[in-house]
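Chains as they are written, first to last, in this note's numbering: chain H, 573 to 794; chain G, 573 to 794. Working notes, structure below.
2 protein chains.
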Amino acid sequence: MRQPPGRGQRSSGERKPREERWPELIEVATEVFYEKGYEAASLQGIASRLGILKGSLYYYIQSKEDLLFEVIKSVHEEGLANIESLATGDGDALQRLRKVIVGHIDHECGNLKKTAVFLHELQALAPDRQAQILGGEHAYRGVFSNLVATGQKEGLIPEGLDPKLAALWILGSMNWVYRWFRPGGEFTARTIGEQFAEMTIRGLAVADLQAPGAVPGEQPAG
Amino acid sequence: MRQPPGRGQRSSGERKPREERWPELIEVATEVFYEKGYEAASLQGIASRLGILKGSLYYYIQSKEDLLFEVIKSVHEEGLANIESLATGDGDALQRLRKVIVGHIDHECGNLKKTAVFLHELQALAPDRQAQILGGEHAYRGVFSNLVATGQKEGLIPEGLDPKLAALWILGSMNWVYRWFRPGGEFTARTIGEQFAEMTIRGLAVADLQAPGAVPGEQPAG
Numbered sequence: 573m574r575q576p577p578g579r580g581q582r583s584s585g586e587r588k589p590r591e592e593r594w595p596e597l598i599e600v601a602t603e604v605f606y607e608k609g610y611e612a613a614s615l616q617g618i619a620s621r622l623g624i625l626k627g628s629l630y631y632y633i634q635s636k637e638d639l640l641f642e643v644i645k646s647v648h649e650e651g652l653a654n655i656e657s658l659a660t661g662d663g664d665a666l667q668r669l670r671k672v673i674v675g676h677i678d679h680e681c682g683n684l685k686k687t688a689v690f691l692h693e694l695q696a697l698a699p700d701r702q703a704q705i706l707g708g709e710h711a712y713r714g715v716f717s718n719l720v721a722t723g724q725k726e727g728l729i730p731e732g733l734d735p736k737l738a739a740l741w742i743l744g745s746m747n748w749v750y751r752w753f754r755p756g757g758e759f760t761a762r763t764i765g766e767q768f769a770e771m772t773i774r775g776l777a778v779a780d781l782q783a784p785g786a787v788p789g790e791q792p793a794g
Numbered sequence: 573m574r575q576p577p578g579r580g581q582r583s584s585g586e587r588k589p590r591e592e593r594w595p596e597l598i599e600v601a602t603e604v605f606y607e608k609g610y611e612a613a614s615l616q617g618i619a620s621r622l623g624i625l626k627g628s629l630y631y632y633i634q635s636k637e638d639l640l641f642e643v644i645k646s647v648h649e650e651g652l653a654n655i656e657s658l659a660t661g662d663g664d665a666l667q668r669l670r671k672v673i674v675g676h677i678d679h680e681c682g683n684l685k686k687t688a689v690f691l692h693e694l695q696a697l698a699p700d701r702q703a704q705i706l707g708g709e710h711a712y713r714g715v716f717s718n719l720v721a722t723g724q725k726e727g728l729i730p731e732g733l734d735p736k737l738a739a740l741w742i743l744g745s746m747n748w749v750y751r752w753f754r755p756g757g758e759f760t761a762r763t764i765g766e767q768f769a770e771m772t773i774r775g776l777a778v779a780d781l782q783a784p785g786a787v788p789g790e791q792p793a794g
């Protein structure tokens, strides 16, 4: 996996090895950005919460923006790797889409604070770094639009649907979850994922629907 | 279209009647909050753009937070009134839901900056004001969950779907649009609204789905 950036292997009593400290730094930075917002957050506050001197942070990063970039990049890369692996498994396009939706919502609900920081603070990054992340965001959307296009080739999804619009429709419903999901609350991530996947697959699948809005045929037992 | 207020209108003619100035103030405050973010925005900057003295703003509001509250409240109330009127029209629940989705996306795409300020800056308000808006947010969600529950009573939507989860699923897909919609871009608000409504209605409607990956009438696990 990737090596955390560092300025060499200096060490002192205070310093844990880089590879131990790095995930902890990302975790704490995420919490501070989440609680205070990026603008109001300070490297001093992050260092204090880690129990290290502010100066020691410069061993890992050069600025607060570096840290925001690393937080956003980490949740983005993990999320993308997660759905890419689910999207390339067994099954037809709709079966794989179902797994991707359930898996993505599970990942999001397990990374609520990182997701919130990503979605709220992206614009605080310099333009080139935003572009770097946004390239990834298009990769993200591409996973969904490719599944929809594949489903169309497989005859499972009507040709008339625009795969890009369908992908944005799916992404919106999923990416909204971090705003209302509460761990230990009314719904588990699994319940949300299963029901969302069910509605989404129905929404995309070729079906014997009459004109939508008109009364369809028989109600299935259940 | 509207004329930018000029500095020449100052002194004796500076104060327009409140009813005239107010919508202009909300419009300009929205733009400044959108461009700079709430934290970095200043009453001085807003006054300058209006071509009035900063002190004159206190004729309308007492603080920057007042102004944020008014911006958020206005887009929220307009949006809610819009969907409530569409939800209570003619037709069965799915027909009305279709109109609500198309109408809401149209309203959102016509109010991109206000929507962005609402969704990004809500947490900058004092807790009691957040609660006041969030009460309205529940009213918002209620329009959708009520339509779903009505559709279930009408036999158009499977009983097993949770109306609240269905409402959150719909809201997410729609509320995400402001992040990627561009006026004059690839898709019109109408095209987005129509395709989103189509997929959503299919996703909710009782149907004889044949597609692998989804079993009709089967309840989501969990």
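Glycine included, each C-beta is placed from N, C-alpha and C at the ideal position.
Once the 5 residues before and after Cys681 of chain G are set aside, which same chain residues still bring their CB inside 6 Å of it?
Annotation for Cys681 of chain G: Phe753 and Ala761 place their beta carbon closer than 6 Å to its own, counting only its chain and skipping 5 residues before and after.
Enclosing alpha helix (DSSP H) for Val600 of chain H [first to last residue]:
Arg590 to Lys608
Please report the residue range of the alpha helix (DSSP H) in which Asn747 of chain H lies.
Pro735 to Asn747
Inter-residue Cα distance where the pair is His648 of chain H and Val647 of chain G
31 Å
Whole angstroms is fine: what's the gap from Asp700 of chain G's alpha carbon to Leu733 of chain G's?
33 Å
Rounded to the nearest angstrom, what separates Phe759 of chain H and Glu709 of chain G at their Cα positions?
Cα to Cα, Phe759 of chain H sits roughly 19 Å from Glu709 of chain G.
Where Asn759 of chain H sits in the DSSP three-state scheme:
Looking at the sequence shown, residue 759 of chain H is not Asn but Phe. Phe759 of chain H: coil per DSSP, three-state reduction.
CB contact below 8 Å: Asp734 of chain G versus chain H
Yes, its Cβ sits closer than 8 Å to a Cβ of chain H.
Using only alpha-carbon positions, find the residue among G:Pro735, G:Lys608, G:Glu611 and G:Ile633 that is nearest to Pro595 of chain G.
If we check each option's Cα against that of Pro595 of chain G, G:Ile633 comes out closest.
Lys725 of chain G and Glu603 of chain G: beta carbons closer than 8 Å?
no
Mark Pro589 of chain H as exposed unless 16 or more other C-beta atoms lie within 10 angstroms of its C-beta, in which case mark it buried.
Exposed, because fewer than 16 other Cβ atoms sit within 10 Å of the Cβ of Pro589 of chain H.
Reference Ala696 of chain H, options H:Val600, H:Glu591, H:Ala612 and H:Ile598, closest by Cα:
H:Ala612
Using a Cβ-Cβ cutoff of less than 6 Å, which residues in the same chain neighbour Leu622 of chain H once the five nearest sequence positions on both sides are dropped?
Val600
Going by the CB atoms, is the gap between Leu615 of chain H and Lys608 of chain H shorter than 8 Å?
no
By the 10 Å Cβ neighbour count, where 16 or more other Cβ atoms means buried, how is Gly631 of chain G classified, buried or exposed?
The sequence given here has Tyr at residue 631 of chain G, not Gly. Result: exposed.
Could you work out which residues of chain H lie near Ile764 of chain G, taking near to mean beta carbons separated by less than 7 Å?
Leu737
Cutting at 6 Å between CB atoms, please list the residues of its own chain near Leu658 of chain G, excluding the five before and the five after it.
Around Leu658 of chain G: Lys671, Val672 and Gly675.
Distance between Ile644 of chain G and Gln538 of chain G (C-alpha atoms, nearest Å):
The displayed coordinates of chain G run from 573 to 794. Any statement about residue 538 of chain G would go beyond what the structure contains.
Tell me the rounded alpha-carbon separation between Val689 of chain G and Phe605 of chain G.
Those two C-alpha atoms are separated by around 7 Å.
Contact between the region 738 to 752 of chain G and the region 740 to 756 of chain H: three or more CB pairs below 8 Å?
yes
Using a Cβ-Cβ cut-off of 7 Å (strictly less than) and excluding sequence neighbours within five positions of Glu656 of chain H, which residues of its own chain qualify?
Here the set comprises Val715.
So is Thr763 of chain G buried or exposed if we call it buried at 16+ other beta carbons inside 10 Å?
exposed
Buried or exposed: which applies to Glu770 of chain G, given that a residue is buried once 16 or more other Cβ atoms fall within 10 Å of its Cβ?
buried
How many angstroms separate the CA atom of Ser536 of chain H from the CA atom of Phe768 of chain G?
Outside the displayed range of chain H (573 to 794) lies residue 536 of chain H, so it cannot be described from this structure.
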